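In the working numbering, the protein residues as written are 371 to 721.
Every residue, glycine too, gets a C-beta built ideally from N, C-alpha and C.
Computed from a prediction, not measured in an experiment: that's the story for all the values here.
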Ligand code: PHE
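Here it is in structure tokens:
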């Protein structure tokens with residue numbers, strides 16, 4: 371075979387390969403074209419290489435050079451086609467090209483429930499007045515919820531219709547059958563109806579002076595309406611020291627109310643009765659053109675001090691218990707307590 375003929379054949383193969391690779395629509399088509407041109411056994415390039423043997427001896431160096439050039443060119447156009455399909459493929463996987471200038475999807479940040487926010491703020495205000503946070507269980511015994519608070523067995527506040535008593539495991543056990551008196555030696559438990567329980571728990575453990583607040587849930591079988599809910603939150607305050615008077619109570623509650631609701635809020639005290647305070651008052655705050663009750667307070671009853679081993683001749687103190695929901699409602703002009711517990715994000719989002 372003459373050199374010119376050999377070179378022409380290579381040239382034709384080179385452009386045929388370039389066209390075949392460039393027009394391969396997918397990986398399979400490209401592979402078929404690769405086998406056709408570059409296949410190790412029966413590829414066209416392999417066949418041309420065999421043809422090299424038929425070229426005249428003096429033409430061989432040049433023919434070999436042309437062969438290598440053609441081989442490289444064909445391999446290069448194959449590699450280019452491979453790359454083209456690979457980038458097409460990845461484009462197919464991810465959709466349109468990434469545009470870094472498009473604004474991102476904003477992250478929706480959650481936040482604390484309005485009651486939790488209120489609790490945090492009240493804790494902060496009372497902390498600045500020197501009151502530390504104390505805690506107690508929501509499932510209580512009758513000693514802490516009633517007895518130690520000077521609420522005797524005969525008191526109407528202990529009525530089963532006024533409280534969420536819990537049946538003990540024994541009483542609830544159907545196999546236990548007849549509920550004997552002996553079996554009820556376990557303490558009767560209930561969901562606490564007031565945070566005053568924490569007063570007792572703290573005083574039982576701590577010698578005076580005491581200056582604490584307790585914040586948490588309380589439970590009463592009230593029918594839910596705009597101002598009542600069977601579960602709500604109270605903030606309890608207790609200060610025990612020598613020579614504590616009603617004036618201290620009024621000062622603390624005034625400072626507390628004006629810190630949380632603003633200096634234009636007015637509060638007033640109405641004589642009242644609680645078994646665990648003497649004298650007792652009901653505390654109202656100004657609301658629109660009237661008054662809204664937000665809790666009770668008073669000087670700790672000597673019987674309560676005695677029940678925890680304090681000497682009423684040595685120390686005295688005041689206590690108060692206020693409704694957290696009421697404070698929050700007053701602050702944000704919310705007119706229905708049930709809003710807090712519907713979990714409607716359109717309501718909750720506003721805080
Ligand atoms: N425990 C009372 C209630 O829940 C409130 C209170 C607390 C009153 C402390 C006086 C002193 O109604």
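N-terminal and C-terminal residue of the alpha helix (DSSP H) that residue 630 is part of: Here residue 630 refers to the residue found at position 260 when the chain shown is read from its first residue. Start and end: 616-631.
Helix, strand or coil for residue 489 per DSSP? Your numbering for residue 489 matches position 119 in the chain shown. In the structure shown, residue 489 sits in a helix (DSSP, three-state: H, G or I).
Beta-carbon contacts of residue 543 that lie in its chain and below 6 angstroms, excluding the five residues immediately before and after: Here residue 543 refers to the residue found at position 173 when the chain shown is read from its first residue. The predicted position of residue 543 is uncertain, since its pLDDT is 48 and thus under 50; no value can be drawn from it.
Residue 713 by DSSP, collapsed to three states: which one? Position 343 of the chain shown, counted from the first residue, corresponds to residue 713. DSSP places residue 713 in coil when its eight states are reduced to three.
Drop a sphere of 10 angstroms on the beta-carbon of residue 484, count the other beta-carbons inside from all chains shown, and report buried for 16 or more, exposed for fewer. For the purposes of this step, residue 484 is identified with residue 114 of the chain shown, where counting begins at 1. Classification of residue 484: buried, given that the 10 Å Cβ count is 16 or more.
Specify the secondary structure class of residue 603 as computed by DSSP and reduced to three states. As a working note, residue 603 is residue 233 in the chain shown. Here residue 603 sits in strand by DSSP.
Is the beta carbon of residue 665 sitting closer than 7 angstroms to the one on residue 653? Here residue 665 corresponds to residue number 295 of the chain shown, with the count starting at 1. Here residue 653 corresponds to residue number 283 of the chain shown, with the count starting at 1. Yes, these two residues count as a Cβ contact at 7 angstroms.
Do you know offhand how far residue 557's Cα is from residue 668's? Here residue 557 is taken as the residue at index 187 of the chain shown, counted from 1. Here residue 668 is taken as the residue at index 298 of the chain shown, counted from 1. Whole-angstrom Cα-Cα distance: 29 angstroms.
Could you check whether the Cβ of residue 584 sits closer than 6 angstroms to any heavy atom belonging to the ligand PHE? Numbered from 1 along the chain shown, position 214 holds the residue referred to as residue 584. No, the beta carbon of residue 584 sits no closer than 6 angstroms to any heavy atom of the ligand PHE.
Residue 627 beta carbon less than 7 angstroms from that of residue 655: On the chain shown, position 285 is the one that residue 655 refers to. On the chain shown, position 257 is the one that residue 627 refers to. For residue 655 and residue 627, yes; Cβs fall inside 7 angstroms.
Relative to the C-alpha of residue 380, which residue among 419, 604, 395, 524 is closest? In the chain shown, residue 380 corresponds to position 10, counting from 1. That would be 419, whose Cα lies nearest to the Cα of residue 380.
To the nearest angstrom, how far is the alpha carbon of residue 579 from that of residue 694? For this step, residue 579 is matched to residue 209 along the chain shown. For this step, residue 694 is matched to residue 324 along the chain shown. Spanning the two alpha carbons is a distance of roughly 26 angstroms.
Unbroken beta strand (DSSP E) run spanning residue 641, endpoints: Residue 641 sits at position 271 when you count from the first residue of the chain shown. From DSSP, the beta strand (DSSP E) with residue 641 extends over 637-644.
The beta strand (DSSP E) enclosing residue 583, as first and last residue numbers: In the chain shown, the residue the question calls residue 583 occupies position 213. First-last of the beta strand (DSSP E) with residue 583: 580-589.
How many angstroms separate the CA atom of residue 629 from the CA atom of residue 622? As a working mapping, residue 629 is identified with position 259 in the chain shown. As a working mapping, residue 622 is identified with position 252 in the chain shown. Approximately 10 angstroms, taken between the alpha carbons.
By the DSSP assignment, the beta strand (DSSP E) with residue 559 in it spans what residues? In the chain shown, the residue the question calls residue 559 occupies position 189. Residue 559 -> beta strand (DSSP E) spans 559-561.
What does residue 647 pair with, by DSSP beta-bridge criteria? Position 277 of the chain shown, counted from the first residue, corresponds to residue 647. Partner(s): 644, 670.
Cβ-based burial, residue 614 [other Cβ within 10 Å; buried from 16]: If you number the chain shown from 1, residue 614 lands on position 244. Counting Cβ neighbours within 10 Å, residue 614 comes out buried, since at least 16 surround it.
Confirm the yes/no value for this check: CB of residue 644, any heavy atom of the ligand PHE, distance under 6 angstroms. Taking the chain shown and counting its residues from 1, the one referred to as residue 644 is at position 274. Yes, the Cβ of residue 644 comes within 6 angstroms of a heavy atom of the ligand PHE.
Rounded C-beta distance between residue 584 and residue 565? I'm assuming under 8 angstroms. Along the chain shown, one-based indexing puts residue 584 at 214. Along the chain shown, one-based indexing puts residue 565 at 195. Residue 584 to residue 565, Cβ: 5 angstroms. Contact.
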